[in-house]
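Visitor: Provided herewith is a single structure, encoded as structure tokens, for subsequent inquiry.
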Amino acid sequence: MRKTGALGITIVLCAGCAVHHDTQIERLSQFAPSAQDHVALAADGEDRVLVTWDSRRQQGGFYGIQGRFLHADGTFASEEFTINTNVQGHQMHPAVCMNADGEAWAAWTSWGQDGQEGGIVARWFDGFSWHDEVAVNVQRHGHQNEVVLSAGAGDTAMAVWTSPTEEGRRVHARLLHPDGASGSEFDVSTGSGHHASPSIASIPGGWVIVWASRDDERFTVHAVEMTADGTVGEPRILAADAIEPAIASNGQTVLATWLARDPHGWQVQAQRLGIDDAPQTIAAPTPGRWISGAAAAVDPEGRCGVAWNIDKPVHEVHARIAEPGGWFGESILLGEGAHLERARGTARLHMSGNGTLLAAAGGSAGDDRKAATLLATGRAGTARWTSLDLPQPDLTYAMVQANAPIPPIWDPEFRPVPPPVNARPQRGDIGFAGMGPTGWTPPDPDLAAGPNHVVEVVNGGIAGYTHSGQLVFQDEIEDSYGFWGEVGATSFVFDPEVVYDQRSNRFFAMANERSGGGGSYFLLAVSENSSPAGAWHKYRLSMSHIDDDIDSPNLAVGDDAVYLSCDMFGPDKYPILMVPKEQVLVGDPVSGTRELMLSGSGNQSLGLARSTDDEPGVPQFMLQSSEGSGNGVNFNEVRIHAILDPLGTPSTQSFDLQVPTYSYPSQVPQQGTSTQHYLFEPRFWSCMYRNGSIWAVHHVGSSRARVRWYEIDLRGWPDSGQVPTLAQSGEIDEGTGIYTFFPSIAVDGNNNVCIVFARSASNEYTSMWRALRNPSDPSGTLQPASLVKSSSAPETSGRWGDYSGASPDPDNTAIWLAHEWRDSGGWRTWIDKAGVEPPVTVQVPGDYATIQAAIDDVPTGSIIQVGPGVYSEQIDFGGRSLSLYGSGAEETIIDAQQQGTVVTLMDGETSIIEGFTITGGYMTTGSAFRINGDPAISDCIIRDNIATSNYCILSTGNPVISGTLLCHNDPNVIGITWVDGGGNSFEDTCPGGCSADVDGDGTVGVNDVLLVIANFGGSGSGDVNGDGVVDVSDILFVISWWGDC
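The sequence shown maps to residues 0 to 1044 in numbering that gives the first Met the number 0.
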């Protein structure tokens, strides 16, 4: 390692103790829609500046590389201009360098241009105009990214980036020359593990390169010196337990900075690489404040600057400056609402000859919260650009044609490399690799399961697989060559969703589209049958009359209508489009659509509850969380909307349901990077209607994000006259420091539930997990979560998700899941089959002679079907959830013969009892039922039960009783708590006459008792309770009716 500069110095940086400085914040980007980020800068010997950034959605929906020149005094020398010439695919993550004469290089990752994933492309600026793009990487297998640049001799530059190898990602380099990339691509880093976040600075005769290495749980920062001819020296470790280095040099003083682990997250450390190679020095203790994005700069005199982000509780950029050989001064607050690029070693900081500090950042400038900005502590100088020949600015959503020319910069000898072999699932279930990187970030995966196939959609792709994982079709979703190209889709298609409709046995897929000129569209496709490999009926449905900023859609399919909804980011409009289902099933032109609109601040990001064919005629439901203000939903409630008359005169009916208090979710740390995942608001990403309930999930928790789930019992609302209740809820809380987020939920016909979610921590890569629940589990609980697919690398974009997919198999034997995971090559998706056991079904009589014998023997969750007859017994569910079905209340009688309570359901069961007469109970209280749980009792007759104190039904739980007759019980009363599901009646006498009136004189008295005694031990007359024998129970039955009838 070159030994230059002073000894290492200790930098004591208090992240929360910055002083305010007269910092200038200049908005560089003129294109306002979407996000401008990953900002980098370079300056020449006179402190004239070039700033570059990538602009999301500016080039026909793709990312593009933008730039702007500034004079040394900070005034603009140019308008914003586009640097990339290839506009097919994403152009992202630029780097820039400049020599003393004002000649510059810009390089970036160009998606798909090398025939694989990302390739490195560069352009040279000769001080007046830009030259053609040149290819940089020679190795083309996999994804090349994280490019950084440093000026070399004359008009050359050294490009450094990371590239995949069989051993993991490695740092590669190549010398750039205006006539093309000269020399060979060569390895810079060696050793084990994955190498990332390179940074480069020039020194006399060559360069110093630093990078971070991760090997299992070990993180280290390495440095190596490289000569001008490409000879690489021996690497050494600069720091252990550290990540994301950056390096700067003025040719004599070399300053390295990185992030080192801290109990509160990460701390900035810095070191001037001196004669004695002084140890690393602590730069920024961070109690309670999240830090990222360390950057370094050295001015010609040897002054050093270190800058970093504070990402929470607020977004700020801070810096400290040290005089040559001296201590670092007070912390400077460079900017509020801004951030330096995280997890990359690009040049983001510059110190001018007069000590002015310039920082390239993304963030707030004026009324644009996602701008490319320049933060400056003053005027760097007076030098000006005199003449620039630049492309004309284009600040519109550019339309890109499918046949637009792509510069022929790759040689014809390229041969595609086969994709990697699918990994194995990490549990015993079926699992296989879904789609991989498409150039879009994040992937936004969703999934639907049919009887023989699953369909997965991601940003950039749609694919169909058999249940064993065989690919049967795959296509891009954007542009004229993609899945929706035949209906006119342009290049900006995003946020896809997919549903399998069990009513019609078809797949329904949709996505949003924004087109040039401000068009907003729903793209819809319907498979011709249950296989995705065949033809699809496709539609492009305009929503441009509402607004031009369609986003965050939802898809659901009902009996007669297809429901498409979206955000229009005012954010004051949430439209719902209802399309006649019968038309799209056969490919007819669409007509007779209807629209609903939720207007006003905070009405965005609702969840459409997906449903199956279990219950026809159920309205389409939507679920809405609080946005903090504007929509009127508080943080202790959720709003349920029911859409009525969708294809006639549609309207909504709403109800606000009390739930446990929640909050906006926190951002999420992850292992191996200071970049945190951004989680948006507590919106309902996934919800499903099944068996009378809405099951829903979202992420909540301002201190630590956690998945929250709900079962909302609708109780027949909005048609029953009842209102919804919260049946149960819970959270996936994996323990201190562990975050769970971006969940999806699905429920099968037997009320088995599965939630798929992402899990992360500061010492865990973000991975795919799932949690199951079956009906027998205690209320409010899930089974322990299990790992589905682990990641082996961090995600440094700040985006994960934004959502996931869960879908029940139509045969009710499994729930299919899709979510994101990551390796060193980028995001991937995994498709998982979570097997659920179908319930055991038994017959009484047949399999068992008595009902209680069946209850005692079958497993939890079983179905017991009882044939017609009189069953003289008491039954006790024994603390388990079972489904007990009679053959109709008139035909199926359970008679306790005055021996005690007829039916006992204690210990919190969630069982079903349907189609019985419950009679002959005799108890102090709870003669017919004793309940402590939430069973559903329906279509029963509860009669002739005696409670000597109170209540024929004693409940300390919340049973839902519906369609049930209670007659001639003593008393005919339910207590203490229960839910009226509707259709119940309470009568003093039972229909069909009074069986206790044996002599038929209209009154039960002594003569009736004598007639029973006269036939004692026989059958027929006197068998008033219908159990086939005249005995004491018949005498007691007559007495219970004494004086009645």
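Yeah, the Cβ is synthetic: ideal placement off N, Cα and C, and Gly gets one too.
Owing to the predicted nature of the structure, the values given are computational and were not obtained by experimental measurement.
Determine the contact status of residue 923 and residue 948, defining contact as a CB-CB distance below 8 Å.
Guide: Indexing the sequence shown from 1 puts residue 923 at position 924. Indexing the sequence shown from 1 puts residue 948 at position 949. Yes, the Cβ-Cβ distance between residue 923 and residue 948 is below 8 Å.
Visitor: From residue 483 to residue 507, what does the alpha carbon distance come to, in whole angstroms?
Guide: Here residue 483 refers to the residue found at position 484 when the sequence shown is read from its first residue. Here residue 507 refers to the residue found at position 508 when the sequence shown is read from its first residue. Each residue's alpha carbon lies about 13 Å from the other.
Visitor: Could you tell me the distance, in whole angstroms, from the CA atom of residue 962 to the CA atom of residue 701?
Guide: Taking the sequence shown and counting its residues from 1, the one referred to as residue 962 is at position 963. Taking the sequence shown and counting its residues from 1, the one referred to as residue 701 is at position 702. So the alpha carbons of these two residues sit roughly 44 Å apart.
Visitor: What does the Cβ neighbour count give for residue 493, buried or exposed, with the cut at 16 atoms within 10 Å?
Guide: Your numbering for residue 493 matches position 494 in the sequence shown. Buried, since its Cβ has 16 or more Cβ neighbours within 10 Å.
Visitor: Roughly how many angstroms separate the alpha carbons of residue 73 and residue 378, rounded to a whole number?
Guide: Counting from 1 along the sequence shown, the entry for residue 73 is found at position 74. Counting from 1 along the sequence shown, the entry for residue 378 is found at position 379. Taking the straight line joining both Cα atoms gives about 6 Å.
Visitor: Please list the terminal residues of the continuous beta strand (DSSP E) segment that includes residue 822.
Guide: Residue mapping note: residue 822 aligns to position 823 of the sequence shown, counting from 1. Element bounds for residue 822: 813-822.
Visitor: By DSSP, does residue 589 sit in helix, in strand, or in coil?
Guide: Mapped onto the sequence shown, residue 589 falls at position 590. In this structure, residue 589 counts as coil in the three-state DSSP scheme.
Visitor: Excluding the 5 residues flanking residue 338 on each side, which residues of the same chain have their C-beta closer than 8 Å to its C-beta?
Guide: Residue 338 sits at position 339 when you count from the first residue of the sequence shown. Correct list, in chain order: 291, 292, 308, 310, 314, 316, 360, 361, 362.
Visitor: Excluding the 5 residues flanking residue 254 on each side, which residues of the same chain have their C-beta closer than 6 Å to its C-beta?
Guide: Here residue 254 is taken as the residue at index 255 of the sequence shown, counted from 1. Cβ within range, chain order: 247, 271, 295, 297, 303.
Visitor: Inspect the beta-carbon positions of residue 800 and residue 741 and report whether they are closer than 8 Å.
Guide: For the purposes of this step, residue 800 is identified with residue 801 of the sequence shown, where counting begins at 1. For the purposes of this step, residue 741 is identified with residue 742 of the sequence shown, where counting begins at 1. Yes. Within cutoff.
Visitor: With 16 as the cutoff for other CB atoms within 10 Å, does residue 709 come out buried or exposed?
Guide: Numbered from its first residue, the sequence shown carries residue 709 at position 710. Residue 709 comes out buried.
Visitor: Starting from the C-beta of residue 706, find all residues in its chain whose C-beta is less than 7 Å away, skip the five residues before and the five after it, and write them out in chain order.
Guide: As a working mapping, residue 706 is identified with position 707 in the sequence shown. Around residue 706: 696, 698, 730, 731, 739, 740, 742, 754, 756.
Visitor: Taking 8 Å as the cut-off, decide whether the C-beta atoms of residue 389 and residue 77 are in contact.
Guide: Taking the first residue of the sequence shown as 1, we reach residue 389 at position 390. Taking the first residue of the sequence shown as 1, we reach residue 77 at position 78. In this structure, residue 77 lies closer than 8 Å to residue 389 by Cβ.
Visitor: So, are the CB atoms of residue 823 and residue 791 less than 8 Å apart?
Guide: Along the sequence shown, one-based indexing puts residue 823 at 824. Along the sequence shown, one-based indexing puts residue 791 at 792. The answer is yes: Cβ separation under 8 Å.
Visitor: What's the gap between the Cα of residue 1039 and the Cα of residue 959?
Guide: As a working mapping, residue 1039 is identified with position 1040 in the sequence shown. As a working mapping, residue 959 is identified with position 960 in the sequence shown. Distance between the alpha carbons of residue 1039 and residue 959 is about 28 Å.
Visitor: Please list, in chain order, all residues of the same chain as residue 662 whose beta carbon is under 8 Å from its beta carbon, the five residues on each side excluded.
Guide: The residue given as residue 662 occupies position 663 in the sequence shown. Hits under 8 Å: 634, 681, 699, 700, 701.
Visitor: Which same chain residues end up closer than 6 Å to residue 895 when comparing Cβ atoms and leaving out the 5 residues on each side of it in sequence?
Guide: One-based indexing of the sequence shown puts residue 895 at position 896. Closer than 6 Å at the Cβ level, and outside the excluded window around residue 895, lie 873, 901, 919, 920.
Visitor: Measure the C-alpha to C-alpha separation of residue 670 and residue 368 and round it to an integer number of angstroms.
Guide: Within the sequence shown, residue 670 is the residue found at index 671, counting from 1. Within the sequence shown, residue 368 is the residue found at index 369, counting from 1. So the alpha carbons of these two residues sit roughly 28 Å apart.
Visitor: Taking 8 Å as the threshold (C-beta atoms), are residue 883 and residue 917 in contact?
Guide: The residue given as residue 917 occupies position 918 in the sequence shown. The residue given as residue 883 occupies position 884 in the sequence shown. Contact: no.
Visitor: Write down every uninterrupted run of the beta strand (DSSP E) in the region 690-749 whose length is 3 residues or greater and which is fully enclosed by it, in chain order.
Guide: Listed in chain order, they are 692-699, 705-712, 724-731, 737-746.
Visitor: What are the complete beta strand (DSSP E) segments, minimum 3 residues, inside the region 942-1024?
Guide: Listed in chain order, the complete beta strand (DSSP E) runs (minimum 3 residues) inside the region 942-1024 are 945-949, 952-954, 959-961, 964-966, 973-975, 978-981, 984-986.
Visitor: Which value, in whole angstroms, describes the spacing of the CA atoms of residue 898 and residue 865?
Guide: In the sequence shown, counting from the first residue as 1, residue 898 sits at position 899. In the sequence shown, counting from the first residue as 1, residue 865 sits at position 866. Each residue's alpha carbon lies about 22 Å from the other.
Visitor: Give the secondary structure of residue 1033 by DSSP, where H, G and I count as helix, E and B as strand, and everything else as coil.
Guide: For this step, residue 1033 is matched to residue 1034 along the sequence shown. Helix at residue 1033.
Visitor: As an exercise, report each continuous beta strand (DSSP E) stretch of at least 3 residues that is fully enclosed by the region 229-255, in chain order.
Guide: Counting only runs of 3 or more, we get 235-239, 241-248.
Visitor: Counting pairs of Cβ atoms below 8 Å between the region 638-656 and the region 548-565, do you hit three or more?
Guide: In short, these stretches touch, since the Cβ pair count reaches three.
Visitor: Taking the alpha-carbon positions, what's the residue 929 to residue 951 distance?
Guide: Counted from its first residue, the sequence shown places residue 929 at position 930. Counted from its first residue, the sequence shown places residue 951 at position 952. When rounded, the distance between both Cα atoms is 9 Å.
Visitor: Could you work out which residue in 868, 851, 694, 764 is closest to residue 820 when comparing CA atoms only?
Guide: In the sequence shown, residue 820 corresponds to position 821, counting from 1. With distances taken between Cα atoms, residue 820 lies closest to 764.
Visitor: With H, G and I counted as helix, E and B as strand and the rest as coil, what does DSSP make of residue 658?
Guide: Taking the first residue of the sequence shown as 1, we reach residue 658 at position 659. In this structure, residue 658 counts as coil in the three-state DSSP scheme.
Visitor: Under 8 Å, do residue 807 and residue 746 count as touching if we go by C-beta distance?
Guide: On the sequence shown, residue 807 is found 808 positions in, with the first residue counted as 1. On the sequence shown, residue 746 is found 747 positions in, with the first residue counted as 1. Yes, Cβ-Cβ distance for residue 807 and residue 746 is below 8 Å.
Visitor: Return the chain-ordered list of same chain residues with a C-beta closer than 6 Å to the C-beta of residue 827, the five sequence neighbours on each side being excluded.
Guide: The count along the sequence shown starts at 1 and reaches residue 827 at position 828. Counting only Cβ-Cβ distances below 6 Å, and skipping sequence neighbours, we find 435, 820.
Visitor: Where do the N-terminal and C-terminal ends of the alpha helix (DSSP H) with residue 581 fall, by residue?
Guide: The count along the sequence shown starts at 1 and reaches residue 581 at position 582. 580-584 is the extent of the alpha helix (DSSP H) around residue 581.
Visitor: Identify which residue in 881, 886, 561 has its Cα closest to the Cα of residue 934.
Guide: The residue labelled residue 934 in the question sits at position 935 within the sequence shown. Residue 881 is the option with its Cα nearest to residue 934.
Visitor: Starting from the C-beta of residue 580, find all residues in its chain whose C-beta is less than 6 Å away, skip the five residues before and the five after it, and write them out in chain order.
Guide: By one-based count along the sequence shown, residue 580 stands at place 581. Cβ within range, chain order: 559, 560, 561.
Visitor: Going by beta-carbon coordinates alone, are residue 334 and residue 245 separated by less than 8 Å?
Guide: The residue you call residue 334 lines up with position 335 of the sequence shown. The residue you call residue 245 lines up with position 246 of the sequence shown. Going by C-beta atoms, residue 334 is not nearer than 8 Å to residue 245.
Visitor: Assuming the contact rule is C-beta atoms closer than 8 Å, residue 1088 and residue 1010 should be a hit. Round their C-beta distance to whole Å, please.
Guide: Lying before the first or after the last residue shown, residue 1088 is absent from the chain, which here runs from 0 to 1044.
Visitor: Beta-carbon within less than 7 Å of residue 485's beta-carbon, same chain only, minus the 5 sequence neighbours each way: which residues are those?
Guide: In the sequence shown, residue 485 corresponds to position 486, counting from 1. Within the same chain, residue 485 has close Cβ partners 537.
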